[in-house]
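Start counting the sequence shown at 97; every next residue gets the next number (this note's numbering). C-beta: ideal position from N, C-alpha, C; glycine also. Source: prediction; values computed, not measured. Some notes on the structure that comes next.
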Amino acid sequence: MCVIHMGCMFGSNTIRLWYPQLAAMISNDAGGLCSAIAPPTEAAAVDDICVPIVADMLTYLQSAFVGAGSILTYGIGGALVNRCGKRLVAGFCGVTSAFLIVMLPFLGTSAVPVVATVTSALAFTSLCGASLSSITVDLFPTSLRVMAMSTFLMSGRLGTITGTVIFPALINYGCLPPFITIGSVLAVCGSACFLLPNTTLKKLE
């Protein structure tokens with residue numbers, strides 16, 4: 097459970113925390129996401145070094161829209177969990193978010209599909225994390241539940257720290273490596289969710 101949650105937060109919070117920077121870079125570059133974060137290698141002029149990227153109001157509105165997308169997912173998540181089961185919802189959301197994140201570099205030059213894709217991916221990962229939390233609560237008895245949830249949440253924070261450190265390092269290798277890495281981690285974690293015990297509508301013992 098801790099390893100799966102670490103991978104889920106590795107993908108979710110890395111994209112969430114880096115998205116404002118990515119949005120600002122896209123708004124200052126008409127060539128699209130890949131052109132913004134991994135421009136062609138060429139000799140930099142002296143005047144081009146340390147030029148700040150100006151973030152306009154649209155960047156903050158996009159970030160707010162991305163964050164609000166998870167509200168709708170939590171709204172329908174309860175019905176999905178009761179109907180399909182926590183394990184199935186967690187696995188499906190993990191695999192789907194992996195596919196959406198891998199698709200980010202191929203969305204062209206418009207900011208609208210990027211915002212929509214990031215919103216959907218983060219909404220799915222949020223629902224995946226919530227389902228995993230619910231499964232963790234069901235798996236452990238009351239005497240161990242607090243320690244189990246604390247360890248579970250701590251592993252998620254470690255995944256977030258790891259992702260935010262690794263993401264800029266992967267950008268140095270090009271546009272695709274950071275998104276393929278995050279997508280691969282989410283795909284593995286989503287697939288691992290299908291191996292978890294089914295706790296939906298089971299009695300706590």
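Integer-rounded CB distance, given that residue j should sit under 8 Å from residue i
{"i": "Ala212", "j": "Ile122", "result": "That belief does not hold up - the Cβ atoms of Ala212 and Ile122 are roughly 13 Å apart, past 8 Å."}
{"i": "Thr232", "j": "Met245", "result": "6 Å"}
{"i": "Arg183", "j": "Phe290", "result": "6 Å"}
{"i": "Cys271", "j": "Ile133", "result": "6 Å"}
{"i": "Cys285", "j": "Ile167", "result": "Between Ile167 and Cys285 the Cβ distance is about 23 Å, and since that is not below 8 Å, they are no contact."}
Neighbourhood of residue i by C-beta distance below 6 Å, restricted to the same chain and skipping five residues each side
{"i": "Met105", "result": "Gly252, Gly255, Thr256"}
{"i": "Ala139", "result": "Annotation note: pLDDT 48 at Ala139 (below 50); position unreliable, no value reported."}
{"i": "Leu223", "result": "Thr169, Gly173, Cys189"}
{"i": "Val281", "result": "Gly103, Phe106, Gly107"}
{"i": "Cys130", "result": "Pro201, Cys271"}
{"i": "Asn109", "result": "Thr256"}
{"i": "Asp234", "result": "Thr295"}
Range covered by the alpha helix (DSSP H) that runs through residue i
{"i": "Pro273", "result": "272-289"}
{"i": "Gly181", "result": "Note, Gly181: premise wrong, no alpha helix (DSSP H); not H, not E."}
{"i": "Leu235", "result": "207-235"}
{"i": "Met250", "result": "238-267"}
Beta-carbon proximity check, residue i vs residue j, cutoff 7 Å
{"i": "Ala219", "j": "Gly165", "result": "yes"}
{"i": "Val162", "j": "Thr215", "result": "yes"}
{"i": "Leu228", "j": "Ala265", "result": "no"}
{"i": "Gly103", "j": "Ile278", "result": "no"}
{"i": "Val198", "j": "Phe275", "result": "yes"}
{"i": "Ala217", "j": "Ser193", "result": "yes"}
{"i": "Ala288", "j": "Val191", "result": "no"}
{"i": "Phe236", "j": "Trp114", "result": "no"}
{"i": "Pro201", "j": "Ser159", "result": "no"}
Cβ of residue i within 7 Å of any chain D Cβ
{"i": "Tyr170", "result": "No chain D appears in this structure, which consists of one protein chain only."}
Residues near residue i by beta carbon distance below 8 Å, same chain, minus five either side
{"i": "Val177", "result": "Val185, Ser227, Ser230, Thr296"}
Cutoff 7 Å; reference residue i; Cβ partners in own chain excluding five residues on either side
{"i": "Asn294", "result": "Gly181, Arg183"}
{"i": "Leu292", "result": "Arg183, Ile231"}
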